[in-house]
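Position 73 of the sequence shown, counted from 1, bears residue number 60 in the working numbering, the numbering being contiguous throughout.
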Amino acid sequence: MLPIAVLISGSGSNLQSIIDRIEQNVLHAEIKVVISNKAEAYGLTRAKKHNLPTEVIEHQNFSSREEFDQAMVEVIKAAGAEAVILAGFMRILTPVFIQAFPNKILNIHPAILPSFPGVHGQAQAADYGVRFSGCTVHFVDEKMDHGPIIIQAVVPAYTNDDGQSLGQRILKWEHRIYPQAIEWLAQGRLKIVGRKVEVENSPAVFVQVDENEPALVNPGLERGF
Ligand code: GRF
């Protein structure tokens, strides 16, 4: 079991997908603590429903990003977590945080990186008129939405999409690829080679041919994800 901390700021639907896969025994991780920088984040309610420990650490109570990050590092280490899962956590992390968990921090982004980094990825992709968008799970480095890419899922974008409709289509696949990426991390199957991530015995590309929900996932999803 990989001991993890999950960091959230909002709804926590990705947190929910991680909890569900753990409870189904498909994802071999244990959530040691859920941390939110916002007291009203609905994800905290989800965590409590599953009896998971939660902590609220409000960034505005700290005089610098570094002090806020250091407070989170201490809570995560005290909880016994070894990896950190950013799941809709809306703060930029400083080297204080990144260097505390080398190659053990993952993030999910609702676009096909390096296109559309930042907080409005879904709306920017829809407005740009792209024909495809999707989501990316990557290791976190010191630049925003930048580190080595583990897995991506691609979905179509349509001319009548806005950020909301495209975002919903993407979110469904976030819920599938994020637990899968965490499982690979838990199994020790991810090797970072420069900017690339090798997934040991990586499955072939997963294709869903369904006129309502077509998608392409690379590397492919394994059983249960
Ligand atoms: C997701 O779209 C995620 O990719 C982005 O923030 C959103 C969080 O959603 N980083 P939720 O809180 O997991 O429901």
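Note that beta-carbon positions come from the ideal geometry of N, C-alpha and C, so glycine has one too.
Taking a contact to mean a Cβ-Cβ separation below 9 Å, would you say S(-4) touches G105 in this structure? Position 9 of the sequence shown holds residue -4. Position 118 of the sequence shown holds residue 105. Against a cut-off of 9 Å, the Cβ pair of G105 and S(-4) comes out as no contact.
Go through its chain and collect everything with a Cβ distance to S(-2)'s Cβ below 8 Å, but skip five positions before and after it. On the sequence shown, residue -2 is found 11 positions in, with the first residue counted as 1. Within the same chain, A28, Y29, G30 and G75 come within 8 Å of S(-2) by CB-CB distance, once the 5 residues on both sides are set aside.
Is the beta carbon of I18 sitting closer than 9 Å to the one on A(-8)? Counting from 1 along the sequence shown, the entry for residue 18 is found at position 31. Counting from 1 along the sequence shown, the entry for residue -8 is found at position 5. Yes, these two residues count as a Cβ contact at 9 Å.
State the start and end residues of the unbroken beta strand (DSSP E) segment that holds H213. No answer is possible for residue 213: it lies beyond the span of the chain, which begins at -12 and ends at 212.
Between T41, H46 and N12, which has its C-alpha nearest N24's C-alpha? The residue you call residue 24 lines up with position 37 of the sequence shown. Minimum Cα distance to N24 is reached at H46.
Would you say A66 touches the ligand GRF, meaning its beta carbon is less than 8 Å from a heavy atom? The residue labelled residue 66 in the question sits at position 79 within the sequence shown. At a threshold of 8 Å, A66 does not count as near the ligand GRF, since its beta carbon sits no closer than that to any of the ligand's heavy atoms.
Rank R176, Y115 and A173 by C-alpha distance to the C-alpha of T146 and give the top, closest one. Your numbering for residue 146 matches position 159 in the sequence shown. The option with the nearest alpha carbon to T146 is Y115.
Sheet register partners of H125 (DSSP bridge): Here residue 125 refers to the residue found at position 138 of the sequence shown. The partner list for H125 (beta bridge, DSSP) reads N94 and I136.
7 Å CB neighbourhood of E69 in its chain, flanking five on each side removed: Numbered from its first residue, the sequence shown carries residue 69 at position 82. Contacts found: L(-11), P(-10) and K91.
Using the rule of at least 16 other Cβ atoms within 10 Å of the residue's Cβ for burial, across every protein chain shown, is D149 buried or exposed? For the purposes of this step, residue 149 is identified with residue 162 of the sequence shown, where counting begins at 1. Exposed is the call here.
Along the chain, which unbroken stretches of the beta strand (DSSP E) at least 3 residues long are found entirely within the stretch 47 to 112? 70 to 73 and 92 to 96, all fully within the stretch 47 to 112.
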